[in-house]
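Converting from the sequence shown to the numbering used here requires adding 1 to each position, the first position being numbered 1. In this text, a Cβ means the ideal position worked out from N, Cα and C, and glycines have one as well.
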Amino acid sequence: MAIIRPFKAIRPIKELGEKIAALPYDVMNSDEARDRVKDNPYSFLHVDKAEVDLPEEIDVYDDRVYEKAKENLDKMIDDGLYIEDTKPNYYIYRQVMNGRSQTGLVACASIDDYTNNIIKKHELTREEKEIDRINHVYKCEAHTGPIFLTYRENKGISNIVNEWIKKEPIYDFKADDGIIHTVWIIDDEETVNRLQNLFKTVKYLYIADGHHRSASAVKVGHIKRAEKESYTGEEEFNFFLSISYPDSELEVLDYNRTVKDLNGLSKDDFLSKVKENFEVTESKEQVKPKEKHTFGMYLEDQWYLLKAKNEIFNPDDPVDRLDVSILQNSLLKPILGIDDPRKSKRIKFIGGIRGLNELERRAKTDMKVSFSMYPTTIEDIMAIADSGKIMPPKSTWFEPKPRSGLFIHKF
2 MAIIRPFKAI
12 RPIKELGEKI
22 AALPYDVMNS
32 DEARDRVKDN
42 PYSFLHVDKA
52 EVDLPEEIDV
62 YDDRVYEKAK
72 ENLDKMIDDG
82 LYIEDTKPNY
92 YIYRQVMNGR
102 SQTGLVACAS
112 IDDYTNNIIK
122 KHELTREEKE
132 IDRINHVYKC
142 EAHTGPIFLT
152 YRENKGISNI
162 VNEWIKKEPI
172 YDFKADDGII
182 HTVWIIDDEE
192 TVNRLQNLFK
202 TVKYLYIADG
212 HHRSASAVKV
222 GHIKRAEKES
232 YTGEEEFNFF
242 LSISYPDSEL
252 EVLDYNRTVK
262 DLNGLSKDDF
272 LSKVKENFEV
282 TESKEQVKPK
292 EKHTFGMYLE
302 DQWYLLKAKN
312 EIFNPDDPVD
322 RLDVSILQNS
332 LLKPILGIDD
342 PRKSKRIKFI
352 GGIRGLNELE
362 RRAKTDMKVS
372 FSMYPTTIED
382 IMAIADSGKI
392 MPPKSTWFEP
402 KPRSGLFIHK
412 F
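In structure tokens form, the structure reads like this:
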């Protein structure tokens, strides 16, 4: 049984929703964030990447960055840029990118559901990234970026959402990247109760994106429990900000690879080794894989279509049969010497949103060979999470990404 609880959102006043809403903190570096805020004093990056308001040489993990985040958040609230709803509500958040919509329910998920594996994970987390968000959340006493959850579609929930979006939204704007953001508030008590009961029939939630933020939110919750002599479990720190999407609403994009060199091999020797595990065909056009177990490869101004031979993977193992696993286990590691893609400086990962031209550009400039991937599916993610296994790094890329700053959960 999943707990998805309504909450009193602190949210922008209507006329500033578009100016405040910002891309997630982890999709850009500090220089990019500084550039984005220079003409926008309202941007939520002043909170999520508060180093933008400090000297450029400052370490992004310096305590002063977290102090500045709290100062900026408190000032935005005190200055009336935000309002707080007077009772717990659900919120519907829809994004439209390239004509395709993605609609989810904004609410709070339970840290106990995370601990008890009602909320399932499929990625490992890195300690330094967890510590960063722990410090940020703890200092701000707020969850400022929603966790991206998914679940197997429940028609009762979907029917309510589909009816509600016929009403007047509280925000509706097109961002500078062309993505349309629309938000509705579900403030009818009967509907709120119906939704809460319907989620009790949802067996599991799955983290689609935001493993570090969710792990950090849970750890802050446990810190707050330890600081409190007694707690009921109903305090707001027992819950974290999330957006829950039915699986039918989500689309996973490809997450492509590019490698700096051929590991000392000549082009001919490299291709010969690749052909041991893959059927290799030259292509006169760019290769965007159309089915699982196929890959595009760009090397020295030539595209190739690679098709994995059946004997190189286990079709019954949800991790081994992933395309990212096949490429890693049968090409990147044994041929190109990429033993640990998390640590290797010879490999870079490029989100599918950047397109195949970016793979070509990198192979012609600072890299040597690029690979285009078929996207991992939502079904793959759920199968791996259900089996208790972990996906290889950089397996999924979700677009569009929910904006931060539209909803704040204070605890």
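- Three or more Cβ pairs closer than 8 Å define a contact, and the region 309-322 falls short of that threshold against the region 242-259.
- Under the DSSP assignment, GLU52 falls outside any alpha helix (DSSP H); it carries neither an H nor an E label.
- TRP165 and ILE186 have their C-alpha atoms roughly 9 Å apart.
- Contact between PHE238 and LYS225 is confirmed by a C-beta separation of about 4 Å, below the 8 Å threshold.
- The alpha-carbon of ASP54 is positioned some 7 Å away from that of HIS47.
- Straight across, the Cα-Cα distance linking ARG195 with ARG343 is about 43 Å.
- Distance check between ASN198 and each of PHE372, ALA3, CYS109 and ILE14 places ALA3 closest, using alpha-carbon atoms only.
- For secondary structure counted as the beta strand (DSSP E) over 3 or more consecutive residues, the region 236-309 holds these complete runs in sequence order: 240-247, 256-260, 279-284, 295-300 and 303-309.
- In terms of Cβ geometry, GLN287 and LEU357 form a close pair [threshold 8 Å].
- Scanning ASP340, LYS310, ILE409 and CYS141 for the CA closest to the CA of VAL66 turns up CYS141.
- As a beta-bridge residue in DSSP terms, ALA110 pairs with ILE5 and PHE241.
- The beta carbon of THR397 sits closer than 7 Å to those of VAL253, TYR256, THR377 and ILE382, all from its chain and outside the five residues before and after it, given in chain order.
- For LYS121, the beta-bridge partners assigned by DSSP are TYR207.
- Per DSSP, the unbroken alpha helix (DSSP H) holding SER159 starts and ends at 156-165.
- Beta-bridge annotation (DSSP): ARG362 is not paired with any residue.
- Within the same chain, Cβ atoms closer than 7 Å to the Cβ of ILE135 are found at SER217, LYS220 and VAL221, the five residues on either side in sequence being excluded.
- Inclusion of LEU242 and PHE45 in the CB contact set at 8 Å is not warranted, their separation being larger than that value.
- The Cβ-Cβ distance between GLU359 and TYR299 does not fall below 8 Å.
- Residue burial is scored here from C-beta neighbours: ARG404 has at least 16 other C-beta atoms within 10 angstroms and is therefore classed as buried.
- Membership of SER373 in the beta strand (DSSP E) is indicated by the continuous run 370-373.
- According to the DSSP secondary-structure assignment, MET98 is paired through a beta bridge with ARG101.
- About 11 Å separates the beta carbons of GLN96 and LEU251, which is beyond the 8 Å limit, so they are not a contact pair.
- Between TYR62 and ASP133, the alpha-carbon positions lie close to 6 Å from each other.
- DSSP places PHE149 in the uninterrupted beta strand (DSSP E) bounded by 148-152.
- Counted as a single uninterrupted DSSP element, the alpha helix (DSSP H) harbouring ARG35 occupies residues 31-38.
- By the criterion of at least three beta-carbon pairs nearer than 8 Å, the region 117-127 is not in contact with the region 161-180.
- Positions of the beta strand (DSSP E) runs, each at least 3 residues long and wholly inside the region 333-358, are given as 348-352 in order along the chain.
- In the same chain as LYS50, and ignoring 5 residues on each side of it, the C-beta atoms closer than 6 Å to its own belong to TYR26 and ALA34, in chain order.
- Separation of the CB atoms of LEU150 and ASN264 is rounded to 39 Å, and the pair is thereby denied contact status at 8 Å.
- The criterion of a C-beta distance shorter than 8 Å is not satisfied by ARG347 and VAL275.
- Residue ARG37 holds the alpha-carbon nearest to the alpha-carbon of ILE21 among ARG6, ARG37 and SER31.
- DSSP places GLU72 in the uninterrupted alpha helix (DSSP H) bounded by 64-79.
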